[in-house]
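For reference, the structure is listed below as structure tokens.
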Amino acid sequence: MNPVVNAPRIAWRVATVADVIPETPRTRTLVLDVAEWPGHRAGQHVDVRLTAEDGYQSERSYSIASAPEDNQLALTIERLKDGEVSPYLTEELRAGDQIELRGPIGGYFVWDVSLEGPLFLVAGGSGIVPLMAMLRHRDSALSNDDVPARHRVPARLLYSSRRWDEVIYRDELTRLAEKDETLEVTHTLTREQPSDWTGFKRRIDRVMLEEMTWPPSEHPNVFVCGPTPLVETVAATMVDLGHKPERVKTERFGPTGGAV
Amino acid sequence: MNVDGNAAAGVLSDLFVHDMTAARAKCAGCGVIREIAELLVFAHGMGTVVRCPDCDGVVMRVSRTPTHVWLDATGATSIVINLAAS
Amino acid sequence: MALISRGFRGRKRSADVAERLPPGQYETRDFPVLSAGPTPRISLATWDFSLQGADGKRVRWTWDEFNALPHSTVTTDIHCVTKWSKFGTAWEGISIDTLLSEGAAKGITPSPYVMARSDGGYTTNVPLADLMGAKAWVAFGFNGAPLAPEHGGPARLLVPHLYFWKSAKWVRELRFMENDSAGFWESLGYHNYGDPWREQRYAGDE
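Residue numbers (this note's numbering), protein chains in the order written: chain X, 1 to 260; chain U, 1 to 86; chain E, 1 to 206.
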């Protein structure tokens, strides 16, 4: 249930960096303590605002990586070559520093276990972030012992990355899938693969989607997130395969790091 | 596009004290009464549009500026909240 | 005063970038799409574009007729109210000046205000003066290729000197109005005119 919020969500709040965790060579997770955080749903994002000493301000949107059940807020940020904000957030910020953020924002690209499944997630690169929040929420909300509950909400993730060392949350995803027979994680590595790789080696296409997803008769909830070309292709293909457009939710990322 | 009314409820929770997921709206376009949870939600960087799945008419529009939240509910003839359920 | 983030300096803004950026904007090399699901696919066989006078008189072009009009190309910067700006975007289309003169030849008299209407019901209002004098186009090509559906294809309005919500995607009609009337976002808290250089984002902004 949505809690009644006293402070409006459009208000800027102070977030203190508790930890900066390296995920891949180009991504870091910021673990934040946020004053009076009203709670969020998996899939939502926040706006982050930075102010320089001369008053110059810059804002970007970042998806929330942490589950609603967690005490601290986590944002996973990819450092962009040309970026103005991401190099600061991934290379300069230290524990104890403060930034401003507001949110949670987004009522459309959200999922929680009450919406049930099957849950089909398709991620490209840093598009994994909001989908990871959904998987972390699923894991927190469904007890390990409640096997029937997990079978009612089966989940599959199809995750496209360029290389194995660029797969964000790689070990955690492996661990989650190993302990839960109702969760399947499938990777495709599009540029380079380890020598013993037996998985997919190409961009996500119709054949791959057809193989990995549930048929339309099972009415999966589909979430697609990543760079625009990937999202457009996957969403259009899913509709072509017979899934209702209203069941295929999309979020497009660009180098600005913007959600939506 | 999405049939998940929790999307609309999320947007409306800034405006309404009650949980709006189960509230019922009568579409001004075609007269059909549906739970808000059944309406189609289009989120957009500038705002959110909630449409009727029967006639595709716009039932509600919401935008958020730095200082205000705007709601246009002229596409709903009425919205009914069951106090016992909320 | 907002909280200052230790050590944040912002991108070194070169002089020419700083000049080209309206207040509150940042440059993007990407072309963000603001929409939330699969995009509408419109058939060219049934597509048409109209000018409608305030008196109800109408001139209409099919896709083939529209493409037969003299084409223009324009390279310009665009600015979205959600704060991204993109420099040097290249478009191909029909200038509104051309459409107005073609319309005049068929008895369409313009009025001071225009409402652009799109597939799906989207509307946006623009003063006629802001559509004339090589300031606006109906664009069907972007960066040398047909305009993609997610970016408004087959054709969108292009009015780059105003915030990009005025450049209505999937445009089908320009309707002249004697009096101004607020379009979709203009009636929901956004500025009626939308000049990025005066940062007119929201209703009430000077």
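We treat Cβ as the ideally placed atom computed from N, Cα and C, and that holds for glycine.
Around the beta-carbon of residue 30(U), fewer than 16 other beta-carbon atoms lie within 10 Å, marking it exposed.
By the Cβ test, the segment 191–202 of chain E is in contact with the segment 16–30 of chain E, since at least three Cβ pairs between them sit closer than 8 Å.
Not a single C-beta of chain E is nearer than 9 Å to the C-beta of residue 44(X). The DSSP-derived three-state label of residue 223(X) is strand. Any Cβ of chain U closer than 9 Å to the Cβ of residue 117(E) would place that residue at the interface, and such an atom is absent. Relative to the Cα of residue 128(X), the nearest Cα in the group 93(X), 230(X) and 247(X) belongs to 230(X). Excluding the 5 residues flanking it on each side, residue 185(E) has same chain C-beta neighbours closer than 6 Å at 165, in chain order. Interface flag for residue 202(E) against chain X is unset, since no Cβ pair is found closer than 9 Å.
Residue 164(E) sits in a helix when the DSSP states are folded into three classes.
Residue 156(X) and residue 43(X) have their alpha carbons spaced roughly 16 Å apart.
Inclusion of residue 61(U) and residue 47(U) in the CB contact set at 9 Å is warranted, their separation being smaller than that value. Following the DSSP letters along the chain, one finds residue 151(X) inside the alpha helix (DSSP H) bounded by residues 147–152. For the options 20(X), 95(X) and 88(X), the alpha carbon positioned closest to that of residue 52(X) is the one of 88(X). Residue environment analysis places residue 94(X) among the exposed positions, since fewer than 16 neighbouring C-beta atoms fall within 10 angstroms of its C-beta. Within the segment 81–113 of chain E, 82, 83 and 84 place their CB atoms closer than 8 Å to a CB of chain X, listed in sequence order. Taking the Cα positions, residue 22(U) is about 16 Å away from residue 51(U).
Counting only Cβ-Cβ distances below 8 Å, residue 181(E) has no contacts in chain U at all, with the closest Cβ about 15 Å away. With a threshold of 16 other beta carbon atoms within 10 Å, residue 226(X) meets it and is buried. Against chain E, the CB of residue 31(U) has no partner CB under 9 Å away; the residue lies outside that interface.
Contiguous alpha helix (DSSP H) elements confined to the segment 186–246 of chain X occur at 206–212 and 228–240, taking only those with 4 or more residues. Of 200(E), 6(E) and 173(E), the smallest CA-CA separation from residue 118(E) is found for 173(E). Using a CB distance cut-off of 9 Å, residue 184(E) counts as an interface residue toward chain U. In the displayed model, residue 63(X) falls within a strand according to three-state DSSP.
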